[in-house]
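Student:
Numbering (my numbering), first residue to last: 32 to 213.
1) Using DSSP's beta-bridge definition, name the partner residues of residue 59.
2) Check the C-beta distance from residue 118 over to residue 159 and give it rounded, since I have them as a contact under 8 Å.
3) Excluding sequence positions up to five away, which residues of its chain have a Cβ less than 7 Å from the Cβ of residue 166?
4) Please name the residue or residues paired with residue 170 in a DSSP beta bridge.
5) Leaving out five residues on either side along the sequence, give the residues of the same chain with a beta carbon under 7 Å from the beta carbon of residue 60.
6) Rounded to whole angstroms, what is the Cα-Cα separation between residue 156 and residue 87?
7) If you measure between the beta carbons of residue 115 and residue 162, is that distance less than 8 Å?
8) DSSP three-state label for residue 165, please.
9) For residue 72, which residues from the same chain have a beta carbon less than 7 Å from its beta carbon, with the 5 sequence-adjacent residues on both sides left out?
10) Grouping DSSP H, G and I as helix and E and B as strand, with all else coil, what is residue 85?
11) Please identify the residue among 176, 104, 188 and 100 whose C-alpha is closest to the C-alpha of residue 122.
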């Protein structure tokens with residue numbers, strides 16, 4: 032009997048943890064009230080270490096208001112038919128690396144090179160994404176990807192979700208103290 036009560040408490044606790052932490056998406060619009068010519072963009076975000084993440088910062092100097100409890104803004108509607116200059120925050124952080132111990136100077140040199148490699152690959156920068164005019168009524172996904180190598184290319188990719196077609200890719204470089212887009 033006692034084990035049944037413990038199991039019920041465990042189930043209730045687990046449901047509370049997982050269901051209580053879920054948030055629902057709510058659409059936000061930068062288009063004028065009542066305007067029908069807008070396109071939706073979803074920003075691909077991740078909280079896992081070692082995965083690139085992209086979050087919206089601002090558009091035309093306006094940032095998003097804080098969403099209501101248990102909600103988040105997704106997707107965000109933007110005016111269609113005009114070039115957009117959207118500021119996004121790109122993040123990529125990795126601390127996982129192989130270390131050698133017991134190999135003296137050679138091991139220490141290897142460990143230092145791994146540390147330099149990890150630092151040179153990390154990204155945490157605000158980037159101006161120059162988006163071409165979007166088609167009204169379409170849904171897009173904006174994602175950040177980190178290519179292999181040292182330091183590896185940083186690429187923002189805008190994809191038309193329905194057509195599964197890449198609209199534009201914008202590469203950017205991160206330097207200490209800022210970013211550089213090309």
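Glycine is no exception: its CB is placed at the ideal position from the N, C-alpha and C atoms.
Tutor: Answer, in terms of the structure:
1) DSSP output for residue 59 lists 107 as bridge partner(s).
2) About 6 Å; that satisfies the 8 Å criterion.
3) Result list for residue 166: 70 and 111, in chain order.
4) For residue 170, which the question treats as bridged, DSSP gives the partners 71.
5) Contacts found: 69 and 108.
6) One C-alpha to the other measures close to 12 Å.
7) Yes. Within cutoff.
8) Looking at residue 165 - three-state DSSP - the assignment turns out to be coil, as it is neither helix nor strand.
9) Leaving aside the five residues that flank residue 72 on each side, the residues in its chain whose CB is nearer than 7 Å to its CB run, in chain order, 106, 107, 109, 171 and 173.
10) Three-state DSSP puts residue 85 in a strand.
11) It is 176.
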